[in-house]
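Accompanying notes for the structure given below.
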Amino acid sequence: MTSYAYRKFKNILFLALSLGCVIIAAVPLLSILIEVILKGAPELSIKFLTQTGGVIGSSDAGGIGPAIQGTLILIGLTCLISMPLGVMSGIFLAEHGNNEYAGAYAAWMRIFNNALTGVPSIVIGITVFAVVVLTLGHYSPLAGAVALSFIAIPIVARTTEESLKLVPNSVREASLALGVRNWRTTVSVVLPDARKGLVTGALLATARIAGETAPLLMTILGGQYFFQGFGQPMDALPLRIYRDAFLPYSNFQAQAWGAALVLILIVLSLNIGVRAATSGRLAK
Amino acid sequence: MSPRLSGDNLFKTLTALLAVSAAFILMITAYELFVGSLPVLQKFGIYFFTGTKWNPVQTIVNPEIYGALPYLLGTLVTSAIALLIGVPLSLGIAIFLVEMAPRTLRVPVSYLVDMLAAVPSVIYGLWGYFVLRFWLLDYVEIPLSRYLGWIPIFGGTPQGLDVLNGGVILAIMIIPTVSSISREVIQAVPNSIREGAYSIGATKWEVIRNWVLSYGRSGIFGAVILGLGRAVGETMAVTMVIGNTIGPSAIPNSLFKPSQTMASLIANNFLEATPGTLELSAYIGVGLFLLLLSLSINVIAQVMVTRVLKVKGGAVE
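Chains as they are written, first to last, in our numbering: chain A, 10 to 293; chain B, 153 to 469.
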């Protein structure tokens, strides 16, 4: 039997180590934030945010206007595609997924949904390249939005299911008791009651896809110009960062840090939105 | 009640149809990757899995050939490094959050983990390429290769963009996944277990080590496997820091050598292949590997985690 003093020492040692883990994990995060702010902030200007990029290698790196525009277009299109599909799947899983007929079917759909969240985004990129880009014959913002939707749909479906399940059954029963039809109950009573969860899901999915890079490589390709139509390549913030980082010119590398600052501001503000939405729900 | 065309039935059918979307996307993905990789699988057969040569340009002396083994190894080795470093850190964070942290610290620490999850992968890559690379080079790689360079895994000339950097970046990126799920698992351990252990005189660490962790081990294992799934599929950050070599030189036999993972191979080279060529088929074939690997990892993990957390009735990540 080991002595009490040794056990006490070991206790304190390991508890201190677990605090150490937190501190070690904080180092990269702080370093990333500090670097992005220190190197990115000097870049920010109206010109940087609105103009097109300069000729590669020239002394004027220009701006990241097209990349910001592209990212916003992608977010908009992706929401248009993924929100209806994701929310409807979530409604099915939560509202109809538990009765004896639909239960087994819903269980399988849930498994597929979870499996889809585990598919690497680059693999989704290949799929959309084969299905959309090769069919259309050119790179297209639509292809990018489809690829991002494939990533967003399972996230939206799952958060929708979870937030609908949090709505108490008494609310549904009250509505049904008034003679309201089932579907009307879902649309007009349950969904509004779960709106904060739905908003959270939408914001989380948006934050996830805004920073997604890999599938964009083979769907929208990137480029130097503002949006030129659905048959042309388009730029996006993550692609701009990736391409600029490897250029052997310091002004373009600085542009990458500036773009990273803009991207991280977008993603973090979406996450703060999630916090605001969920803390409101808890406070209710 | 006889089935009829009512609003209820319509709505239910509509949602049931749209609920297939995830399954449908998965099917399309599997189908496209399988069909797309058929040419390379037919031509090279088992060599595609076991070979190391990769040459897309046919010349008289060098025939066109595709063997994906180095990239499979690259993925496995970087993911293993990620688990070695990331899992103890994540468990420490989870233990700190559930068992130790005072209420005032709990919220900021869970913010920290959430923010690690929120940072886009391309920004991890940017940081790894411009910052972490020089930290590793100056404080880890140069000392290690000077004193322990005779050990094969520390061989080669350190330059910062290599297997080690890829593994460390992945370790940071799996922390949110592993720590948040193990946190849920640890929280799901009934308090009566802890109380029983304290009552026979165990210290806090002994309670955690011998009761809490062993009660939740299956769920924690599931969390680790989910972290592995995240590491295997991660693309951009690794692509930016791993050095990107092709062919036999990409075999990750030293921490300080540039290498290549399956995902980074595709990200780097996919656009250079012309549609319809064997080269494109080879990249799609690597994608098929990656899909199968990550799907099986995820299914195993989901099963393990849900089995543990079902008791609590909560839905998991």
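For glycine and all other residues, C-beta sits at the position ideal for the given N, C-alpha and C.
Check: residue i C-beta below 7 Å from any heavy atom of the ligand SAM
i: A/Ile43; result: Absence of the ligand SAM is noted for the structure shown, with no ligands found whatsoever.
Start-to-end residues for the alpha helix (DSSP H) that takes in residue i
i: B/Thr397; result: Where B/Thr397 is concerned, there is no enclosing alpha helix (DSSP H), given that its DSSP letter is neither H nor E.
i: A/Arg190; result: Premise fails: A/Arg190 is in no alpha helix (DSSP H) and is neither H nor E.
i: B/Leu407; result: From DSSP, B/Leu407 is part of no alpha helix (DSSP H); its letter is neither H nor E.
i: A/Ala216; result: Arg204 to Ala219
i: B/Tyr199; result: Tyr199 to Thr202
i: B/Asn420; result: Met414 to Asn421
i: A/Ile164; result: Pro150 to Lys174
i: B/Arg258; result: Arg255 to Ala270
i: A/Gly238; result: Premise fails: A/Gly238 is in no alpha helix (DSSP H) and is neither H nor E.
i: A/Leu22; result: Tyr13 to Gly49
i: B/Met179; result: Ser173 to Phe196
i: B/Asn161; result: Gly159 to Leu170
i: B/Gln311; result: Segment: none, B/Gln311 is in no alpha helix (DSSP H) and carries neither H nor E.
i: B/Gly371; result: Arg369 to Gly385
i: A/Met118; result: Gly112 to Thr126
i: B/Glu347; result: Asn343 to Ser351
Below-8 Å beta-carbon distance, residue i vs any chain A residue
i: B/Gly159; result: yes
i: B/Pro427; result: yes
i: B/Pro400; result: no
i: B/Phe186; result: no
i: B/Thr355; result: yes
i: B/Ser446; result: yes
i: B/Phe201; result: no
i: B/Thr181; result: yes
i: B/Trp363; result: no
i: B/Met267; result: yes
i: B/Asn450; result: yes
i: B/Phe163; result: yes
i: B/Pro139; result: With chain B covering only 153 through 469, there is no way to say anything about residue 139 of chain B.
i: B/Val172; result: yes
i: B/Met456; result: no
i: B/Thr385; result: A quick correction: the sequence has Gly, not Thr, at residue 385 of chain B. Closer than 8 Å: yes.
i: B/Pro232; result: The sequence as given places Ala at residue 232 of chain B; Pro does not occur at that position. With 8 Å as the cut-off, B/Ala232 does not count as an interface residue toward chain A.
i: B/Leu166; result: yes
i: B/Trp302; result: no
8 Å Cβ cutoff, residue i in contact with chain B
i: A/Thr11; result: no
i: A/Ala269; result: yes
i: A/Gly62; result: no
i: A/Thr287; result: no
i: A/Ala302; result: Since the first and last residues shown for chain A are 10 and 293, residue 302 of chain A lies out of range.
i: A/Arg190; result: yes
i: A/Thr6; result: Within the shown structure, residues of chain A are numbered from 10 to 293, placing residue 6 of chain A beyond reach of any answer.
i: A/Asn20; result: yes
i: A/Met97; result: yes
i: A/Arg181; result: no
i: A/Arg290; result: With a pLDDT of 49 at A/Arg290, under the threshold of 50, the predicted position of this residue should be treated as unreliable, and no value is reported.
i: A/Ile41; result: yes
i: A/Ser54; result: no
i: A/Lys293; result: Reliability of the predicted coordinates at A/Lys293 is poor, the pLDDT of 39 falling under 50, and the value obtained from them is presented with this limitation in mind. Not an interface residue.
i: A/Lys205; result: no
Bridge-paired residues (DSSP) for residue i
i: B/Asn529; result: There is no way to answer for residue 529 of chain B, as the model of chain B reaches only from 153 to 469.
i: A/Met243; result: A/Leu230
i: A/Gly71; result: A/Gly62
Assumed close pair residue i, residue j - CB separation to whole angstroms, cut-off 8 Å
i: B/Ser273; j: B/Ala389; result: 5 Å
i: B/Tyr367; j: B/Val359; result: Going by Cβ atoms, the distance from B/Tyr367 to B/Val359 rounds to 10 Å, so no, they are not a contact pair.
i: A/Phe236; j: A/Gly74; result: Not really, about 10 Å apart at Cβ, beyond 8 Å.
i: B/Asp160; j: A/Arg284; result: 37 Å between Cβ atoms; not a contact.
i: B/Gly318; j: B/Ile394; result: 4 Å
i: A/Ile65; j: A/Leu256; result: 6 Å
i: B/Phe438; j: B/Ala168; result: In the sequence as displayed, the identity of residue 438 of chain B is Val instead of Phe. Contact flag wrong, Cβ pair sits at about 36 Å.
i: B/Ile275; j: A/Ile41; result: 7 Å
i: A/Leu26; j: B/Gly244; result: 6 Å
i: A/Phe239; j: A/Pro150; result: 6 Å
i: B/Tyr218; j: B/Ala434; result: 4 Å
Meets three-Cβ-pair contact criterion under 8 Å: the segment 279-287 of chain A and the segment 260-271 of chain A: no
Three-pair Cβ contact test at 8 Å for the segment 201-213 of chain B versus the segment 170-187 of chain B: no
The segment 378-387 of chain B in contact with the segment 286-296 of chain B per 3-pair CB rule at 8 Å: no
Cβ contact check for the segment 393-401 of chain B and the segment 240-259 of chain B: 3 or more pairs under 8 Å: no
Three-pair Cβ contact test at 8 Å for the segment 58-72 of chain A versus the segment 83-95 of chain A: no
The segment 46-55 of chain A touching the segment 116-134 of chain A, judged by at least three CB pairs closer than 8 Å: no
Three or more C-beta pairs below 8 Å linking the segment 123-136 of chain A and the segment 238-255 of chain A: no
Given 8 Å, three or more beta-carbon pairs between the segment 438-456 of chain B and the segment 335-346 of chain B: no
The segment 169-184 of chain A touching the segment 145-152 of chain A, judged by at least three CB pairs closer than 8 Å: no
Inter-stretch contact at 8 Å, needing at least 3 Cβ pairs: the segment 167-183 of chain B / the segment 98-109 of chain A: yes
Any 3 or more C-beta pairs closer than 8 Å across the segment 207-225 of chain A and the segment 184-198 of chain A: no
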